[in-house]
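Numbering (the numbering used here), first residue to last: 10 to 188.
Here the structure is laid out as structure tokens; the discussion comes afterwards.
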């Protein structure tokens, strides 16, 4: 997923040379120094890119014929839900990455399908808000989806007293509490 750490190990590269690693649209996401026996290990953080299979390229700067590729998938991810709990009527912010750019992202909340819809930016990120609708107390799943790809997170609906009527009275007065 975007923001995730990836470790790449390589063998058979030019001895003691700088190795440049590329990922998908990013030509150089990280560099490493090959050991005397031509091995290297490199750790990088996946930058913002859309969902799909991406090519990882390792190339020796001193000899561009010393090159190899591998593949990985960038998966969608909800990376922010704020707040993580609240009452019915709360406004919830959801942010995600790794989605298909320019396409709709459908957000489901608990029992409500498509509580909101937005378009992912060209780089695959989205930011959207929705209002918590009436559902029972407890943990609810938030799903951000596009066709066959999706990610989930959680939000907890907490209890709330909405009204007390009357707000004052004598002993024996009937009181109505709504929540």
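Think of the CB as a built atom: it goes at the ideal place given N, C-alpha and C, for glycine as much as any other residue.
Quantities reported herein were computed from a predicted structural model and do not represent experimental measurements.
With 16 or more neighbouring CB atoms inside 10 Å of its own CB, residue 166 falls in the buried class. Your pair residue 104 and residue 135 checks out as a contact, with CB atoms roughly 7 Å apart and the cut at 8 Å.
With a cutoff of 9 Å on beta-carbon distance, residue 90 and residue 164 are scored as near each other. Residues 170 and 173 of the same chain have their beta carbon placed closer than 7 Å to that of residue 186, with the five preceding and five following residues left out of the count. If you draw a straight line from the Cα of residue 113 to the Cα of residue 155, it comes to about 7 Å. Around residue 48, the same chain offers 20 as residues with beta carbons nearer than 6 Å, after the five sequence neighbours per side are excluded.
Cα atoms of residue 159 and residue 144: separation of roughly 23 Å, rounded to the nearest angstrom. By the C-beta density criterion, residue 52 is exposed, having fewer than 16 other C-beta atoms within 10 angstroms. DSSP places residue 12 outside both helix and strand once states are collapsed to three, so it counts as coil. At the C-beta level, residue 86 and residue 106 come within 9 Å of one another.
Pairing residue 133 with residue 126, the inter-Cα distance amounts to about 15 Å. Rounded to whole angstroms, the gap between the alpha carbons of residue 119 and residue 151 is 6 Å.
About 4 Å separates the beta carbons of residue 31 and residue 66, which is inside the 8 Å limit, making them a contact pair.
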